[in-house]
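This report concerns only the one structure given below.
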Amino acid sequence: MDERSQKLIAGAMAITLSLVYLFLLVSCIWKYAVTGDITNCTTELVLIILIPAAIGWFARKDESLLIPRMFPTGQELPADQSPPAKKRRKKYYFLDAIGLAAIFLIFAILDALFIQKEWEYFVFSPNWSKTTNIFFTYASEFFLGVIIFFAIGFIWSEWNIRRYHRKLKELED
Amino acid sequence: MLKTRLKEFRAKHNMSQETLARLVGVRRETIGHLERGNYNPSLKLAWDISKVFNVSIEEIFQYTEEE
Chain A
1 MDERSQKLIA
11 GAMAITLSLV
21 YLFLLVSCIW
31 KYAVTGDITN
41 CTTELVLIIL
51 IPAAIGWFAR
61 KDESLLIPRM
71 FPTGQELPAD
81 QSPPAKKRRK
91 KYYFLDAIGL
101 AAIFLIFAIL
111 DALFIQKEWE
121 YFVFSPNWSK
131 TTNIFFTYAS
141 EFFLGVIIFF
151 AIGFIWSEWN
161 IRRYHRKLKE
171 LED
Chain B
1001 MLKTRLKEFR
1011 AKHNMSQETL
1021 ARLVGVRRET
1031 IGHLERGNYN
1041 PSLKLAWDIS
1051 KVFNVSIEEI
1061 FQYTEEE
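Those protein sequences? They're chains A and B, same order as listed.
First residue of the first sequence: 1, per this note's numbering; consecutive thereafter.
First residue of the second sequence: 1001, per this note's numbering; consecutive thereafter.
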């Protein structure tokens, strides 16, 4: 296979994979919405996790994959260790964390409204109304999500940036 | 096998990998891999690099038949 064929096939495979990924997402959401049971989506969920993991594994020699990117644009964050770059990265980890926590919150609300058809909540105070307790349950879930996603994003991305700089140093030597 | 004198030219021009990468529009690690012989450049990249140092492509990259 020559260079031209390889490029064409790589492009075709990327488009096919994107379509498969989209199909898996839609299929998973549809199955869950219809049946209300997440175990019906096990195959889709496993593939949704496995596909990017496999791509990452086979492309692991590409150092640029270590650099954190903005969600959803995929634009690279500054990878240097200067204070402004660190500050900018932290800002984006925070925004990513808010975005992810918001997505989870929306799914939780949609799940309660249309699938479970009941609100699961923690009774913070028996003196509060049910609505107030529900509000504080979802608000606390959101804030906890922000903290957890920020911590994961920060630790994982900063560790990858250190690995990236180590590799660059090796290539410089 | 492609042999390269890229590191030598870069040192002669007192140029960092980062600067060369920026001038030819690639990532810094690509220059590192080129210097180590881990990666064969496209004709365009080889052309762009030779233009930066104002020499011919053959002066920087030499192809030798593997035995």
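By construction, the Cβ of each residue, glycine as well, lies at the ideal position given by its N, Cα and C atoms.
Of the listed residues the options, nearest to residue i (C-alpha basis)
| i | options | result |
| --- | --- | --- |
| K117(A) | D62(A), S129(A), L66(A), A33(A) | A33(A) |
| D80(A) | E172(A), L168(A), D173(A) | L168(A) |
| Y21(A) | D173(A), I55(A), E141(A), N40(A) | I55(A) |
| E170(A) | T1019(B), T1030(B), H1013(B), E1008(B) | T1030(B) |
| D111(A) | A14(A), K7(A), I48(A), Y138(A) | Y138(A) |
| F143(A) | K130(A), I103(A), W159(A) | I103(A) |
| K90(A) | A10(A), M1(A), I161(A) | I161(A) |
| N1040(B) | T1064(B), M1015(B), H1013(B) | T1064(B) |
| I155(A) | G99(A), W119(A), K86(A) | K86(A) |
7 Å Cβ shell around residue i - same chain, five flanking residues per side excluded
| i | result |
| --- | --- |
| V123(A) | N133 |
| Q1062(B) | K1003 |
| I1057(B) | A1046, W1047, S1050 |
| M70(A) | L77, Y92 |
Cutoff 6 Å; reference residue i; Cβ partners in own chain excluding five residues on either side
| i | result |
| --- | --- |
| I115(A) | G36 |
Residue i and residue j closer than 7 Å at C-beta
| i | j | result |
| --- | --- | --- |
| G174(A) | Y93(A) | Not covered by the structure: residue 174(A). The range shown for chain A is 1 to 173. |
| S157(A) | P52(A) | no |
| A97(A) | F149(A) | yes |
| E44(A) | Y164(A) | no |
Cut-off 8 Å between Cβ atoms - residues of its own chain near residue i, not counting five sequence neighbours on either side
| i | result |
| --- | --- |
| G1037(B) | M1001, L1002, K1003, T1004 |
| N1014(B) | none |
Cβ separation of residue i and residue j, assumed to be a contact under 8 Å, to the nearest whole Å
| i | j | result |
| --- | --- | --- |
| E141(A) | L95(A) | Going by Cβ atoms, the distance from E141(A) to L95(A) rounds to 19 Å, so no, they are not a contact pair. |
| I48(A) | L25(A) | 7 Å |
| Q1017(B) | E172(A) | 6 Å |
| L1023(B) | V1055(B) | Their Cβ separation, rounded to whole angstroms, is 14 Å, which puts L1023(B) and V1055(B) out of contact at 8 Å. |
| E1035(B) | K1012(B) | In fact, because the Cβ distance is near 14 Å, the residues do not count as touching under 8 Å. |
Cα-Cα separation between residue i and residue j, rounded to whole angstroms
| i | j | result |
| --- | --- | --- |
| L66(A) | G1025(B) | 19 Å |
| R60(A) | H1033(B) | 14 Å |
| K31(A) | N127(A) | 39 Å |
| P83(A) | R1028(B) | 21 Å |
| E1059(B) | I147(A) | 55 Å |
| Q6(A) | I15(A) | 14 Å |
| F58(A) | R4(A) | 21 Å |
| F135(A) | R88(A) | 32 Å |
| C41(A) | L100(A) | 21 Å |
| L8(A) | E120(A) | 51 Å |
| L113(A) | K130(A) | 15 Å |
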